[in-house]
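J.: Residue numbers (our numbering), protein chains in the order written: chain A, 248 to 359; chain B, 4 to 117.
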Amino acid sequence: SQTIHQWPATLVQPVGSPLSLECTVEGTSNPNLYWYRQAAGRGLQLLFYSVGIGQISSEVPQNLSASRPQDRQFILSSKKLLLSDSGFYLCAWITGGGYEQYFGPGTRLTVT
Amino acid sequence: AQSVTQLGSHVSVSEGALVLLRCNYSSSVPPYLFWYVQYPNQGLQLLLKYTTGATLVKGINGFEAEFKKSETSFHLTKPSAHMSDAAEYFCAVSPSSGTYKYIFGTGTRLKVLA
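1) Between the Cα of Y42 (chain B) and the Cα atoms of A:L356, A:T359, A:G351, which residue gives the shortest distance?
2) For the stretch 54 to 61 of chain B against the stretch 323 to 336 of chain A, do three or more pairs of beta-carbon atoms, one drawn from each stretch, fall closer than 8 Å, so that the two count as touching?
3) Is L329 (chain A) helix, strand or coil when you go by DSSP?
4) To the nearest angstrom, how far is the alpha carbon of N27 (chain B) from that of Y92 (chain B)?
5) Report yes or no: do the stretch 252 to 264 of chain A and the stretch 276 to 290 of chain A share at least 3 C-beta pairs separated by less than 8 Å?
6) When burial is assigned at 16 or more other CB atoms within 10 Å of the CB, is R289 (chain A) buried or exposed?
7) At the level of alpha carbons, what is the spacing between T357 (chain A) and S73 (chain B)?
8) How about S6 (chain B): is its C-beta nearer than 8 Å to some C-beta of chain A?
9) Going by C-alpha distance, which of A:S248, A:T250, A:P255, A:I251 is nearest E355 (chain A)?
10) Excluding the 5 residues flanking A4 (chain B) on each side, which residues of the same chain have their C-beta closer than 6 Å to its C-beta?
11) What's the gap between the Cα of E347 (chain A) and the Cα of I341 (chain A)?
12) Answer with yes or no whether the minimum CB distance from Y336 (chain A) to chain B is below 8 Å.
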């Protein structure tokens, strides 16, 4: 069966520190992968998506970046966090030939 | 361009009462439509989807939604609310091809009163 993992589950980081969030998918190959951010009281904002290894599309200008070093691995990074980067980060995937997005458990990031 | 509007950021219903969560969309191409549920500090779980065919779609946990093209709506209903239905619900629209980038509504928090 297909599963998606995100880690860490929670993270507290000071302003100006780096960030690395990881998402991995099991049980499928060549998925579309997505990073979303959910700020308190707001909906989901698509940050990045990837249709293949090394292929990243950015949706919103910001100090975040994404990489896809392996087929089923998607990483969200920042060199210097801002207070406004706080939120709930969700990774999602679509299996090849499908159109339903399936979401991971999320990472709660608090920037202090 | 696509967009989604969910009317009512908070909805309260009594246990056993009808649940109606509203979603309107705009899309220049035939859309795919989805409803997701989110429990606190968890990811989103797919409730149901509309792609093509029958406009009344049934999902998990007794929910259903009807695609009405003329009204550009995709409202979510459940005949009888349970306490366990208390959660946040998101409507999403996606193009029917390509990268399937979803546009989400801002969500509706459902409260079920005993």
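Here a beta-carbon is modelled for each residue, glycine too, at the ideal position from N, C-alpha and C.
T.: In terms of the structure at hand:
1) A:G351
2) no
3) coil
4) 14 Å
5) no
6) exposed
7) 43 Å
8) no
9) Before going on, a small fix: residue 355 (chain A) reads as Arg here, not Glu. For R355 (chain A), the nearest C-alpha among the options comes from A:P255.
10) none
11) 6 Å
12) no
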